[in-house]
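A quick write-up on the structure given underneath.
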Amino acid sequence: MERDTKQKRAGMKKLLLECGGLGPLIVLDDSDLGRAAYAAALSSFSNAGQVCCAAERVIVHERVYEQFVERLVSEAKKWKLGNPLEEGVMVGPMNNEPTASKVDEHIKDGLNKGAKVLLGGKRAEGFPTRLYYEPTVVVDVTRDMLFNQDETFGPVAPVMMGSSDSEILEIANSTIYGLQAAVFTRDIGRAFRFSRELKAGQVLINESTLYWEPQEPFGGIGGKKSGVGRLGGVYTIYEMSNIKTVVIHTITNSP
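Counting along the sequence shown from 1, when you hit position 37 you're at 37 in the UniProt record's numbering, and nothing is skipped either side.
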């Protein structure tokens, strides 16, 4: 009923919406940890984390949790904060105060519920505004935290632990969003299982959550709140086209 009312107000126009995500980057116990850590940092800190398909949750198999976290912190330290117009700077400021305040809120909520900050975790001093946020790694993140419920949309890598493939899938699918997901594994069978069972519009194997080719269809999966329709290549045209069926029976002889 709610959707019907909104459609009526819009004049029954076709809609193409990309509404954000809470993308998981999954690290299984047989993965290349160096590649996974590099991709997690790239996915979490690019554009100061202000990307709809950023790695908002890094879910790691318990067997490699500590080794991966160590590598991730090492990668995160390479991300220089500063004026994005200066050479060598990799992380610039947040877009506005409400965006930065949301990062503050998520970190505070996580710490109050048992998470630990291993790197960053606060706004940086010595910059023209208070919108510069240190690249941050938070560990021991759990499902009841805001990190797992809404986009942080900042330069934060919240790391969660799963004890099995099934639990990792359950954590990954436990949100209202379903836009982009990444899985790191050397096992093609596991790769296919995760690509099949993850509730996301795009699943990337051994690649960052930021990967997208402009000709590929991109958008959220049905039943989640990451959008409606697909954009990219011809798919955008299809979404905005009206398809008409015409049937013609040619008459050659009268009965």
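Glycine residues also receive a C-beta, built at the ideal position from the N, C-alpha and C atoms.
- Residues of the same chain with a CB within less than 6 angstroms of the CB of A115, apart from the 5 flanking positions on each side, are V138, D140, V141 in chain order.
- In the displayed model, P98 falls within a helix according to three-state DSSP.
- When the beta-carbon positions are compared, P98 and Y132 stay at least 8 angstroms from each other.
- Beta-bridge partners of G162 (DSSP): H61.
- Take the alpha-carbon of V91 and the one of P128: they are about 15 angstroms apart.
- Taken through DSSP and simplified to helix, strand or coil, A41 comes out as helix.
- Rounded to the nearest whole angstrom, the CA to CA distance from S74 to G34 is 10 angstroms.
- According to the DSSP assignment, A191 belongs to the alpha helix (DSSP H) that extends over 188-197.
- Taking the C-beta atoms as reference points, G229 is found nearer than 8 angstroms to L15.
- Around L169, the same chain offers E197 as residues with beta carbons nearer than 6 angstroms, after the five sequence neighbours per side are excluded.
- By the neighbour-count definition (other C-beta atoms within 10 Å, threshold 16), V60 is a buried residue.
- Secondary structure of I237 (DSSP, three-state): helix.
- In this structure, Q202 sits near F218, with a CB-CB distance shorter than 8 angstroms.
- When DSSP reads this structure, F184 sits in a beta bridge with V27.
- Looking at the backbone, the Cα of D29 and that of A36 are separated by about 11 angstroms.
- For D187, the CB contacts under 8 angstroms within the same chain, skipping 5 residues up- and downstream, are L28, D30 in chain order.
- Contact annotation, L210 with L42: C-beta distance approximately 7 angstroms; criterion of less than 8 angstroms satisfied.
- Rounded to whole angstroms, the gap between the alpha carbons of V64 and S164 is 12 angstroms.
- Setting aside the 5 residues that flank it on each side, R143 is surrounded in the same chain by I171, S174, each with a C-beta closer than 7 angstroms to its C-beta; the list follows chain order.
- Counted as a single uninterrupted DSSP element, the beta strand (DSSP E) harbouring D140 occupies residues 136-141.
- The three-state secondary structure of E18, taken from DSSP, is strand.
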